[in-house]
Amino acid sequence: MSRRPLRTFAYGHPWFYDLVTGIGSLPVGGPRRLRGLCAQRLASRLPPPAAVLDLCCGGGAASAPLLARGFRVTGLDCSRQALERAARSYPELATVQGLAEQPPLAPGQFAGVQSSLALHEFHRPARLALLAAALRLLQPGGWFVALDLHPTHGLSGWPQQWFVRLFETDTAVDFLASDLSADLSMAGYGSVAVETLAMGSLQLVTARKPFPFAVP
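Taking UniProt numbering, the leading residue of the sequence shown gets 1, the next gets one more, and so forth.
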C-alpha cells in the first residue's frame, strides 16, 4: 500500500488532520454534520434503542451522533489505541477490537450497520469481504449505510484528485474506480440507493438486508 506525502504528517499532527477535515467537510456543513450523516440516515429508518454497529469506528466521532439519538452502539476497529480513545470519549459505546472484514461478532445481532469514510481504506477483495460480513451481522430487514468518496470529473473534480494524491493511499484510487452500489447488490443487499453530496465528491449509500422468503 503506497502512502501519499502528507498522510503520515496529518496523522501525526492532529491539528493538521482536523484542519484538512474541516475544509473538506465545508460543502456538507462542517465536520460535525459530516460525521452525523450516516446516523441521520439510519435514524430515518430505525427506531432507537435499536442495536447499531459502527464499522471502523476509530475514535468514535461517527458513533457519537448515534448515541445521542438513543441507539445502542457497538464500535468495531482494528486499533486498540483508537478504541481506548473512543471509550474515554464515549463511555456508553461498546467497543470490540477486530477486523471489519472478519468481525468477531455473532450473526444477525444488529438492526443497522454504518461505515463512515472507511470503505476507501480497503482494496476491493477486503472491501467485498467487509460488505459480506456486514450483511451477516444484520438482522433480516436491517439497514447498511455508508458515507464515502464518490468520483468527480472535470474542473469540479480537481480538488478530490489532489486530495487523493496528497493524503490517501492507492486503496482510495481503487475505490474511486469501483461501483459501490453494484458491489452491494452483488453481495446480496437489496433496496440499494445512492445520494451524492459535496458537489458530487461524496456518496451516501443505503442498502437493506432482504427478508428471507416465506416457506409455504
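Cβ coordinates follow ideal geometry from the N, Cα and C atoms, glycine included.
Of the listed residues the options, nearest to residue i (C-alpha basis)
i           : options            : result
residue 117 : 59, 185, 186       : 59
residue 205 : 191, 52, 48        : 191
residue 194 : 170, 133, 180, 53  : 180
residue 143 : 50, 34, 30         : 50
residue 106 : 146, 136, 37       : 136
residue 173 : 184, 188, 122, 132 : 122
residue 213 : 141, 125, 85, 101  : 141
residue 99  : 43, 111, 55        : 55
residue 61  : 184, 126, 75, 185  : 75
residue 171 : 126, 37, 48        : 126
Range covered by the beta strand (DSSP E) that runs through residue i
i           : result
residue 148 : 138 to 149
residue 72  : 72 to 77
residue 97  : 94 to 97
residue 55  : 51 to 55
Boundaries (first-last residue) of the alpha helix (DSSP H) holding residue i
i           : result
residue 198 : Where residue 198 is concerned, there is no enclosing alpha helix (DSSP H), given that its DSSP letter is neither H nor E.
residue 115 : Premise fails: residue 115 lies in the beta strand (DSSP E), 110 to 116, not in any alpha helix (DSSP H).
residue 171 : 170 to 176
residue 61  : Where residue 61 is concerned, there is no enclosing alpha helix (DSSP H), given that its DSSP letter is neither H nor E.
residue 183 : 180 to 187
residue 83  : 80 to 89
residue 39  : 37 to 43
Per-residue burial, residue i [other beta carbons within 10 Å of its own, 16 or more giving buried]
i           : result
residue 69  : buried
residue 221 : The first residue shown for the chain is 1 and the last is 216, placing residue 221 beyond what the model contains.
residue 216 : With a pLDDT of 47 at residue 216, under the threshold of 50, the modelled position of that residue is not reliable, and the figure given next carries that caveat. Residue 216 should be labelled exposed.
residue 148 : buried
residue 57  : buried
residue 110 : buried
residue 78  : exposed
residue 177 : exposed
residue 112 : buried
residue 211 : exposed
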